[in-house]
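Numbering-wise (the numbering used here), the sequence shown opens with residue 420 and increments by one.
Ideal Cβ positions, reconstructed from N, Cα and C, are used throughout, including at glycine.
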Amino acid sequence: MTNTTTEFRVRRQDLRKTEVAHTFAEPAEGQVRFAIDAFALTSNNITYGAFGEAMKYWNFYPAPDGWGIIPVWGFATVVESRALGFAPGDRYYGYWPMASHAILTPGKQRPDSFSDIAEHRAGLASAYNGYTRAKTATVADDARYALFRGLYITSFLIDDYLPEVAPGVTQVLLSSASSKTAIGLAQALKVRGGVKVVGLTSGANADFVMHTGVYDSVVSYDAIETLDPSARSAFVDFAGNEATRARVHRHFGDALATSLMIGATDWDSPRGGGGDLPGPKPEMFFAPSVLAQRIAEWGPGGFDSRLTAAWESFLDSTEGWLEIVRDRGAASAEKHYRDLLEGRASPKQGVILTLLDA
Ligand SMILES: NC(=O)c1ccc[n+]([C@@H]2O[C@H](COP(=O)([O-])OP(=O)(O)OC[C@H]3O[C@@H](n4cnc5c(N)ncnc54)[C@H](OP(=O)(O)O)[C@@H]3O)[C@@H](O)[C@H]2O)c1
420 MTNTTTEFRV RRQDLRKTEV AHTFAEPAEG QVRFAIDAFA LTSNNITYGA FGEAMKYWNF
480 YPAPDGWGII PVWGFATVVE SRALGFAPGD RYYGYWPMAS HAILTPGKQR PDSFSDIAEH
540 RAGLASAYNG YTRAKTATVA DDARYALFRG LYITSFLIDD YLPEVAPGVT QVLLSSASSK
600 TAIGLAQALK VRGGVKVVGL TSGANADFVM HTGVYDSVVS YDAIETLDPS ARSAFVDFAG
660 NEATRARVHR HFGDALATSL MIGATDWDSP RGGGGDLPGP KPEMFFAPSV LAQRIAEWGP
720 GGFDSRLTAA WESFLDSTEG WLEIVRDRGA ASAEKHYRDL LEGRASPKQG VILTLLDA
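This is the structure we're talking about:
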């Protein structure tokens, strides 16, 4: 049926409970209906769900009665336009719902971009409200853009931030070293040089992490205490496991120059028992805020030119390990979602989905 949308919903209070819903909506005057044809699903999206309330991720695409729709990064094509400047077939990259379609309310259109000015999105980070016209050359490029663009901007920003908060460190420790955002940071650190890049990971992913070629050494979580505790280090935490963080702090103590909390791939691990730790106070790193700061300092052109050079080099480096997996339909989305939730997804895979019918 036209104007039917398939939504993948999760219970806000229990990410293991899901449902597939079909809704019907038409764009009002000034709105545009998009078909979401390719989105990436990684642990980052699970983190959006785990912090949906605290970080307002549920507010982007509201759902009824305690349900939430997890936002995803990807591409969508205009299928019906009631807004000036948008025509069927126009394709945009941005932040979409885990659904087959979305209706947006574009604000003033710039040549290659626009922002959604829907009332319920006002006050949410601007990095999530902006959409850019698709310019990728091939379908393969689309997949890598959907997968890495949002994540890599974070990697790039952390690489830029580290010398400021941790001058003179000899090594950088990255937890969930097999995650795409950590691999992006490790590659940027390797290109910059001057520090040892140490990947902390689960035993099952250690070989993969070494195979990426961007880490100098790889240590499984159970062997953290074998590291030299006197090496002046920065800890960049993508896993968000409080027990692991506490072990890193206790082991390195004052040799730890900074401890950045980036993510929570280990979303289901116990929280709230962190307590006082030796070494620096762990600091939250929220990429959209740092991004806005850097764009203000460097100007949009300055930011884009720095990012573009680093981005190209990172994409080249993924050739040796990345395996793109494309799937279609709600049942496939459910399977990939559950694999991520339960920590079963293979880190070498980049999963690209659509909920559109074939
Ligand atoms: N602060 C920010 O602004 C910002 C921006 C972007 C991303 N992030 C965060 O960075 C993190 C990485 O995201 P990503 O999309 O790059 O991840 P990803 O590539 O999907 O990461 C996969 C890896 O995460 C770990 N993992 C996955 N599921 C798990 C589970 N259920 N339990 C325990 N560990 C699990 C495993 O790594 P190991 O075996 O190596 O631990 C796995 O290989 C996310 O938490 C994301 O939210 C934060």
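query = In or out: Ala596 buried (at least 16 other Cβ within 10 Å) or exposed?
reply = Burial check for Ala596: the Cβ neighbour count within 10 Å reaches 16 or more, so the residue is buried.
query = For the alpha helix (DSSP H) that contains Val584, what are its first and last residues?
reply = 558-584
query = Looking at the unbroken alpha helix (DSSP H) that takes in Met474, where does it start and where does it end?
reply = It is not in any alpha helix (DSSP H) - Met474 carries neither H nor E in the DSSP assignment.
task = Could you tell me which residues DSSP puts in a beta bridge with Phe505?
result = The partner list for Phe505 (beta bridge, DSSP) is empty, contrary to what the question assumes.
inquiry  = Let me make sure I understand the geometry here. Which of Glu448, Leu434, Thr424 has the alpha-carbon closest to that of His441?
reply    = Thr424
ask   = Just curious, the alpha helix (DSSP H) that Glu731 is in, first and last residue?
value = 706-737
key: Identity of the residue in Leu566, Gly691, Ile643 nearest Glu742 by Cα   = With distances taken between Cα atoms, Glu742 lies closest to Leu566.
task = Could you tell me if Asp535 is buried or exposed, where buried requires 16 or more neighbouring beta carbons within 10 angstroms of its beta carbon?
result = buried
message = So for Leu839, helix, strand or coil by DSSP?
response = Beyond the ends of the chain as shown, which are 420 and 777, falls residue 839; an answer cannot be given.
beta-carbon Ala711 near ligand 1 non-hydrogen atom, thresh 6 Å = Ala711 Cβ: outside cutoff for every heavy atom of ligand 1.
key: Among Ala537, Ala457, Val491, the one whose alpha carbon lies nearest that of Val451   = Ala537
request  = Identify whether Ile536 lies in helix, strand or coil by the three-state DSSP scheme.
outcome  = coil
inquiry  = DSSP three-state label for Gly691, please.
reply    = DSSP places Gly691 in the coil class of the three-state scheme, outside both helix and strand.
task = Compute every distance between the C-beta of Thr780 and the non-hydrogen atoms of ligand 1, then say whether any falls below 6 Å.
result = The requested residue 780 is not part of the displayed model; the chain covers only 420 to 777.
request  = Report yes if the C-beta of Phe705 is less than 6 Å from at least one heavy atom of ligand 1; otherwise report no.
outcome  = yes
inquiry  = For Tyr511 and Ile522, I'd like the C-alpha separation in whole angstroms.
reply    = Between Tyr511 and Ile522, the C-alpha separation is close to 13 Å.
task = Give a single yes or no on whether Thr684 has its beta carbon closer than 6 Å to a heavy atom of ligand 1.
result = yes
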